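Number of protein chains: 2
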Amino acid sequence: MTLTVSTTPAAAREGAAPVAPVAPTTGALRPLGLDEVAITGGIWGRRQAVNGTATLDHIERWLEREGWLGNFDLAAAGTLPDGRRGREFSDSEVYKYLEAVAWEIGRLDASGAQDGGGTDASGARATELEARFRRIVDRVAAAQEPDGYLNTRFGRPGQGARWSDLEWGHELYCLGHLFQAAVARHRTRPDADDGLVGIARRAADLVCAVFGEGGDERVCGHAEVEVGLAELGRALGEPRYLEQARIFVDRHGRGSLADIEWGRSYFQDDVPVREADRLRGHAVRANYLSSGATDVAVETGDDELLRALDGQWEATQQRRTYVTGGQGSHHQDEAFGEDWELPADRAYSETCAAVASVMFGWRLLLAQADAAQADPRYADAIERALFNVVETSPDASGTAFYYANTLHQRVPGTEADPESVSPRAKSSLRAPWFEVSCCPPNTARTFASLAAYLATADASGVQLHQYAPSTVRTRLDDGQEVALEIATDYPAGGSVRVRVLTDASSPWTLALRVPAWAAGATLAVRPADGGDADERAVEPGYARVERAFAAGDEVELALPVAPRFTAPDPRVDAVRGSLAVERGPEVFALESVDLAGTTLETSDFADLRVDPATAPRDAAGSAGPAVPPRDADGAVVVTLVDARTGARADIPLVRYHEWAERGPSRMRVWIPLLTAEA
Amino acid sequence: MTLTVSTTPAAAREGAAPVAPVAPTTGALRPLGLDEVAITGGIWGRRQAVNGTATLDHIERWLEREGWLGNFDLAAAGTLPDGRRGREFSDSEVYKYLEAVAWEIGRLDASGAQDGGGTDASGARATELEARFRRIVDRVAAAQEPDGYLNTRFGRPGQGARWSDLEWGHELYCLGHLFQAAVARHRTRPDADDGLVGIARRAADLVCAVFGEGGDERVCGHAEVEVGLAELGRALGEPRYLEQARIFVDRHGRGSLADIEWGRSYFQDDVPVREADRLRGHAVRANYLSSGATDVAVETGDDELLRALDGQWEATQQRRTYVTGGQGSHHQDEAFGEDWELPADRAYSETCAAVASVMFGWRLLLAQADAAQADPRYADAIERALFNVVETSPDASGTAFYYANTLHQRVPGTEADPESVSPRAKSSLRAPWFEVSCCPPNTARTFASLAAYLATADASGVQLHQYAPSTVRTRLDDGQEVALEIATDYPAGGSVRVRVLTDASSPWTLALRVPAWAAGATLAVRPADGGDADERAVEPGYARVERAFAAGDEVELALPVAPRFTAPDPRVDAVRGSLAVERGPEVFALESVDLAGTTLETSDFADLRVDPATAPRDAAGSAGPAVPPRDADGAVVVTLVDARTGARADIPLVRYHEWAERGPSRMRVWIPLLTAEA
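Protein chains in written order, with the numbering used here: chain S, 24 to 701; chain W, 24 to 701.
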């Protein structure tokens, strides 16, 4: 099953790098950036709108309130460590927020450019965010030391010495996020000259000086600096940063960090990256490291490393990933379990691990040698994680979040206090902020840059990997401009209509991903000139149409999004004898609030069984739930039976990413099968 | 299902309190102590022999080596905190070791008394242990401060202030263990005057002064002082100590401790004891608190509290206890999960939680109002935990231990370094010592005093709760002496023969527990005078024979110990569609080492299924395993099938408490059923 990937260099890029988080200098597939792809509606459009307003405002308010921004002021004033607040990694939340704001400004700028000047509203918002961004950068800048060192927790009298606690101190981790924020700024407003890029450059130079060959030979306990350095090197054309990323990646697995109770696998310092066969240890660390290692492999042409990473990705997806795309089954160390150790009830499935898995999968997707042979598994996995974990974390308002994303809630939780900091994985309801609050800014930066994960281009044409109402405008390698408009109500509906807006100067290929679950999909091409439509069945993979497209041509992909049962791998003990229900890319869940008013209202939630003889079906025509969920389109109904009483009822399921939005409730993704029980 | 228990006061005790860890002043059932019950062979006899020699020597060597004993010398020398080693609770391991040595001396003394002077060997060992005990007590005494305060971690310049960290500091917890050690000393060698009782008394007086009514109103984050104070009060006839225990018990659940990430349920400070309906939070803390609360309820005649505790015990046994009797399913906080949250693969099942559950269950057993109505569930649960958790922790040599006792090992672990301190719950193999090393001395004190958990007496006669080759000599309330000799190879065999050694002056009743699994048991009475034997079927519960016994009379209980499948409660998601195999009180396990040489040798362990159509059976006549386990008697064979290949073989199972004694291996207690799999 292992995919062959290689690092065939692509033709040199035309013009500037894409306005995107990841811009390899080699590889056949070129990611299209925020200046080329815009999401115009649907679930992701709604999320981007909420994210760019309510969520960003929410995060900045809490960063101030908790003093994590104020720490930089204290550093500048020379009063630290007195008054410092937050955990050792709190600086990083500021940097992730800056990154999110930078992408959001870029998104608004692109939207304005598409509109031919922008709406007043989006322009005003961009102006406001720009001012806020600059104010925070000024505060960060004031805290940087003359030699480039930047951290509010280390290095001053009364604090730990610089680099004295690489296992837990997160200094390099924080800088990795600083670098990613600088990349976002450099790619979205390269001429803004607000100083963030300079801050990052000075810090990166220090890192290279301290940790370069012949220097300190350790790594950071929380990977992130690798991926940050690699992209900063790409963005600034600075090979030293990429080389430093390579050094860090190579150093992992050589025991440079102290052993800890959970073992060195916790920070991937147990086995060298190229020798490992699984992701293991802390799930966020593992995916960040893998992302940085993929960048290093691609930029250095290290095919052995790339193949090793691809094998790890595959094994991890097959054996260590929840049906939701979530990763990490241990609460104790936020870590992967062994193969098949995927308990639903103690699923940790940290939001940030899903963000990180999207980063890793996207880099592998881009590393593929040949679009004609492109493997859909990466985009399938990215879609799964986006819909069922990343989108599960924030609620509709964008101001409360899951840190961990359990697949089974036995006891209804309690409402989080909207004015209090919550423990990270305690409640069954989303909380506004956490003592460890990495997920709000991590989802925010992902949503703000989401358009950059939808499409790629190569010498032959354009590839669409994710479907949303959107527009694509790019220039192919042969110089011709291509513009597309995608209309779809996916994933509620399965129709994806791509309207070509440009006349081709020569034939090019449009490739559309057909997800693995979409057996029976069809593809229709409808020429603008009224010629005969061509319709054909397409297999999971990438469906391709090569054509000298004319403006007005339409390509329609019809994906069968009927509800379906999903059986677990029989080696996953925790959910043996159970079924999940999916519909398109969305996982559904049974939520106790939906039992109200049915004959199962008084049943013990643990006694409910699904009747496998009755397939899950679209809810259209069924009685709706007592409390309607947010999104009524594409709702699903299953027939449940109380194993104790024999009572039976049709019960609507809720989209997993919308669960716990209607008050405290019980929930389960995997529903036990009705069988003869003792 | 809730048992009715009450605190009917019994007749005043004749003579001294039993030589036993628990000696209620009320209650119908009087525990028989080490001076009345001796284990003479079998599995527990072997364990006691190893425990009293190799294990005690091992523990003392590690206490010295790790500096946990040396901390007391540093305290006496006034050099603390410099050089202090070990965690905040390391003092307690010294006290538990002292308790274990005291019980072992008592056991050897009783054995000597039975032999009419004792063997040279046991007498010499007792003398050696006595000298070691006194040397350690002297070192502890030197560290006690004039006002009675005793702790090597707090109270000195450079250390935290006394009682400044009740959430995590374990000061009162350590004293609780000191009190239990003093109780053991007081009851085994009351005239020895080595000072431990005085040390405990001074410390207890300080606790009462500081934490009494009107004083500091908090509790200790780790319950234990309650049960220690209660028993010290009983032993010394000091009502103030019992009252202080009552105060602490009543204070729990009122939020006197800080909230923490895992919630106040972690230290049972969420709900008052009498209002709770489940054990919850940290499993050791919960059981220690419940034990102390039971003591308080019994001594104060608080029937409401006792009923609440009994309900909690019942619900916890039914819904939050593994088939092994283990408790606690969370690694992160060593805590109970929700009802039915019992994953096999992440079972924490801490050894100390099982020790603590035996303490709690035994106290409820003793609290029963009427032997004629005695409920066997307490002794059933105690037996389950003893055989399948407490005996699982140490290996045959008694020098390596499990801290946690998983029910499913997917990946063979690595051998623990015999000269290194291990993380507590990492390896699949037992380790000699842990950074948190509570289990070695906790099992040691339990095994040394195990004879005190076998039998009780009341006005009507003698009750046997646990079966081992043993002798019982006691005086009934009516003054007549009764002596019994129990011969059995239980649990390998199901025959328990009780030979009466004394002529009765009036009829009395012998009660024998029939475990819940023992449907089809029979009881035979064979008079010494050659009269007709009386044989009858007996139901699970207590089988009773009332008779004017004559010396030579024999009562034989025949328990059907044929192997059996055990199905899980259908509400336990983690092991749905699986079966366990039990035989008598012992749980068996499939261990990968036993696949060697069979057609399943190369199977993926995750693919193995048990064929429910083929019952588990005694291994007699079958080909033995490639590497024989320690105890070949009563081995069990099941028919397994490889779900992938269809290969089939008869595979011997290993007693769960003997697993991982033949090198690293995979293991599972719950074996998935062979079913049609996709």
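Each residue gets a CB set at the ideal place from its N, CA and C atoms; glycine is no exception.
Note that the structure is a prediction, hence the values are computed from the model and not measured.
*Relative to the C-alpha of W126 (chain W), which residue among W:L97, W:R212, W:P169, W:A419 is closest?*
In terms of Cα proximity to W126 (chain W), the closest of W:L97, W:R212, W:P169, W:A419 is W:R212.
*Segment limits, alpha helix (DSSP H) that includes A43 (chain W)*: No residue range can be given for A43 (chain W), since it is assigned to no alpha helix (DSSP H) and is classified by DSSP as neither H nor E.
*Simplified DSSP assignment, three categories, for W565 (chain S)*: Per the sequence shown, residue 565 (chain S) should be read as Tyr rather than Trp. Note: Y565 (chain S) maps to strand in three-state DSSP.
*What number of angstroms, rounded off, separates the C-alpha of A475 (chain S) from the C-alpha of V444 (chain W)?*
One C-alpha to the other measures close to 50 Å.
_Cα-Cα separation, A34 (chain W) to V485 (chain W)_ = Bear in mind that the predicted position of A34 (chain W) carries a pLDDT of just 39, short of 50, making it too unreliable to give a figure here.
*Cα separation between S529 (chain W) and A571 (chain W)?*
Cα-Cα distance, rounded: 6 Å.
*Under a CB-based cut-off of 8 Å, is V307 (chain S) close to chain W?*
Contact with chain W is absent for V307 (chain S), since none of that chain's Cβ atoms lies less than 8 Å from the residue's Cβ.
*asked:* For A71 (chain W), count the other beta carbons within 10 Å of its own beta carbon; 16 or more makes it buried, fewer makes it exposed. Which is it?
replied: Checking the sequence, you will find Gln at residue 71 (chain W) rather than Ala. Counting of Cβ neighbours within 10 angstroms places Q71 (chain W) among the buried residues, the total reaching 16 or more.
*With 8 Å as the threshold, decide whether the Cβ of P695 (chain S) is near any Cβ in chain W.*
Closer than 8 Å to the CB of P695 (chain S) there is at least one CB belonging to chain W.
_By the DSSP assignment, the alpha helix (DSSP H) with Q341 (chain S) in it spans what residues?_
326-342 is the span of the alpha helix (DSSP H), which, as asked, contains Q341 (chain S).
*So which residues of chain C does D362 (chain W) contact, with C-beta pairs closer than 9 Å?*
This model lacks chain C altogether, as its protein chains are S and W.
_Between which residues of its own chain and T25 (chain W) is the CB-CB distance below 7 Å, once the five residues before and five after are set aside?_
Residue confidence is low: T25 (chain W) scores 36 on pLDDT, short of 50, so the model does not pin down where it sits. No coordinate-derived value is stated.
_Any beta carbon of chain W sitting closer than 8 Å to that of W291 (chain S)?_
The amino acid occupying residue 291 (chain S) in the given sequence is Gln; Trp does not appear at that position. Chain W, which has no Cβ nearer than 8 Å to the Cβ of Q291 (chain S), makes this no.
*Proximal chain S residues relative to G109 (chain W), where beta-carbon distance stays under 8 Å*: Those within 8 Å of G109 (chain W) in chain S number zero; the least Cβ separation is about 15 Å.
*Going straight from the alpha carbon of H193 (chain W) to that of C243 (chain W), what length do you get?*
Straight across, the Cα-Cα distance linking H193 (chain W) with C243 (chain W) is about 7 Å.
*Members of the stretch 345-372 of chain W that neighbour chain S once the beta carbon cut-off is set at 9 Å*: Residues of the stretch 345-372 of chain W with a Cβ closer than 9 Å to any Cβ of chain S, in chain order: S352, H353, H354, Q355, D356, G360, E361, D362, W363, E364, P366, A367, D368, R369.
_chain S within 8 Å of A154 (chain W), Cβ atoms only_ = Closer than 8 Å: no.
*Quick one: which residues of the stretch 411-442 of chain W get their C-beta closer than 8 Å to a C-beta of chain S? List them in chain order.*
When C-beta distances to chain S are compared with 8 Å, the residues of the stretch 411-442 of chain W below that value are H431, R433, V434, in chain order.
*Nearest-angstrom Cα distance between I674 (chain W) and L663 (chain W)?*
Those two C-alpha atoms are separated by around 7 Å.
*Would you say R653 (chain W) and E684 (chain W) are within 8 Å of each other, going by their C-beta atoms?*
With respect to the 8 Å criterion, R653 (chain W) and E684 (chain W) are classified as neighbours on the basis of their beta carbons.
*How would you list, in chain order, the residues of chain S whose beta-carbon sits under 7 Å from the beta-carbon of G181 (chain W)?*
Those do not exist, as G181 (chain W) stays about 17 Å from chain S at its closest Cβ, beyond 7 Å.
_Cutoff 7 Å; reference S288 (chain W); Cβ partners in own chain excluding five residues on either side_ = Residues R303, G304 of the same chain have their beta carbon placed closer than 7 Å to that of S288 (chain W), with the five preceding and five following residues left out of the count.
*From R130 (chain S) to A205 (chain S), what distance separates their C-alpha atoms?*
So the alpha carbons of these two residues sit roughly 16 Å apart.
*Output yes if chain S places a C-beta closer than 8 Å to the C-beta of K449 (chain W); else output no.*
At least one CB atom of chain S sits nearer than 8 Å to the CB of K449 (chain W).
*asked:* Would G244 (chain W) pass as an interface residue toward chain S - the criterion being a Cβ-Cβ separation below 8 Å?
replied: Not a single C-beta of chain S is nearer than 8 Å to the C-beta of G244 (chain W).
*Any chain S beta carbon closer than 8 Å to E337 (chain W)*: False, the Cβ-Cβ gap to chain S never drops below 8 Å.
*Assign T698 (chain W) to buried or exposed, taking buried as 16 or more other Cβ atoms, counted over all protein chains shown, within 10 Å of its Cβ.*
Classification for T698 (chain W): exposed.
*Same chain, Cβ closer than 6 Å to L580 (chain W), five either side skipped, listed in chain order*: Closer than 6 Å at the Cβ level, and outside the excluded window around L580 (chain W), lie V519, L535, L546.
*Run of the beta strand (DSSP E) containing R13 (chain W), from where it starts to where it stops*: The shown model of chain W, from 24 to 701, leaves out residue 13 (chain W), and the question about it has no answer.
*Using the beta-carbon of each residue, which ones in chain W are nearer than 8 Å to A612 (chain S)?*
For A612 (chain S), none of the residues of chain W pass the 8 Å Cβ criterion, the least Cβ distance being about 15 Å.
_What would DSSP say about H711 (chain S), mapped onto helix, strand or coil?_
This structure leaves residue 711 (chain S) out entirely; chain S is present only between 24 and 701.
*Check whether the stretch 600-614 of chain S touches the stretch 510-517 of chain S, counting contact only when three or more Cβ pairs, one atom from each stretch, lie closer than 8 Å.*
The stretch 600-614 of chain S vs the stretch 510-517 of chain S: in contact.
*A597 (chain S) versus chain W: which residues are under 7 Å apart at the beta carbon?*
Those within 7 Å of A597 (chain S) in chain W are P366, D596, A597.
*Measure from the C-beta of E284 (chain W) to each C-beta in chain S and report whether the shortest distance is under 8 Å.*
The Cβ of E284 (chain W) sits closer than 8 Å to at least one Cβ of chain S.
*Could you tell me the boundaries of the beta strand (DSSP E) in which P586 (chain S) lies?*
For P586 (chain S), the uninterrupted beta strand (DSSP E) segment begins and ends at 586-589.
*Could you run through the stretch 570-595 of chain W and flag, in chain order, every residue whose CB is less than 8 Å away from some CB of chain S?*
Shown in chain order are the members of the stretch 570-595 of chain W whose Cβ falls below 8 Å from a Cβ of chain S: A590, P593, R594.
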